[in-house]
Each structure stands twice: as C-alpha cells, then as structure tokens.
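A quick write-up on the structure given underneath.
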Amino acid sequence: MERFLKRTARIVNGQIGGKSGCGLRVGAVRRIDEWTATADVFGCNGVLVQRYTADRHTGEIRRVL
C-alpha cells in the first residue's frame, strides 16, 4: 500500500506540474480503503485547490474537486 501511495503522489505531482503558476503542491495522500487513495493539492496560500482519487484495481486517477 505504501508503494501505491507514493506512486499516486508522483503521478498527481506530474499532472499539476504544468499548472503550478501559483505554486501548486501535493499535500496529503491518504488511504481510503484497500483499493482507493486520495491526493490533495494545495495552492501557494495553503488552500485546497484540487483533490484526486486513485483506484488501485483499475489504475485510474480522477480529479474530483
């Protein structure tokens, strides 16, 4: 599960790389259950900007917020 969380953080970091005009950064990557994790993306002022959900079974990462 630890590898899954680290991989999710790397992928989300790559997705926001081109949009980091305001210094977007991956904050917390949390495990929801055995098959799901969420990654929060924060702006330069510390406000939650985006949230991604990763599904371990399908390999899909979706932007939810």
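Residue numbering for the sequence shown follows the working numbering, starting at 195 and increasing by one per position. Virtual Cβ for every residue (Gly too), placed ideally from N, Cα, C. Computed from a prediction, not measured in an experiment: that's the story for all the values here.
Let me make sure I understand the geometry here. Which of D249, M195, R257 and G221 has the alpha-carbon closest to that of V241?
In the sequence shown, counting from the first residue as 1, residue 241 sits at position 47. Comparing Cα positions, the closest option is G221.
Tell me which residues share the same chain as T230 and place their Cβ nearer than 8 angstroms to its Cβ, disregarding the 5 neighbours each side in the sequence.
Position 36 of the sequence shown holds residue 230. Once the five neighbours on either side are set aside, the close Cβ partners of T230 are T247, A248, D249 and R250.
Between V243 and L218, how many whole angstroms is the CB-CB distance? I'm expecting something under 8 angstroms.
Position 49 of the sequence shown holds residue 243. Position 24 of the sequence shown holds residue 218. At roughly 6 angstroms, the Cβ-Cβ gap stays under 8 angstroms, so V243 and L218 are in contact.
Among C238, T252, N239 and T232, the one whose alpha carbon lies nearest that of R204:
Along the sequence shown, read from residue 1 onward, the residue named residue 204 stands at position 10. R204 has its Cα closest to that of T232, out of C238, T252, N239 and T232.
Give every residue of the same chain whose Cβ lies closer than 7 angstroms to the Cβ of D234, excluding the five residues on either side of it in the sequence, and list them in chain order.
Here residue 234 refers to the residue found at position 40 of the sequence shown. Around D234: G221, A222, L242 and R245.
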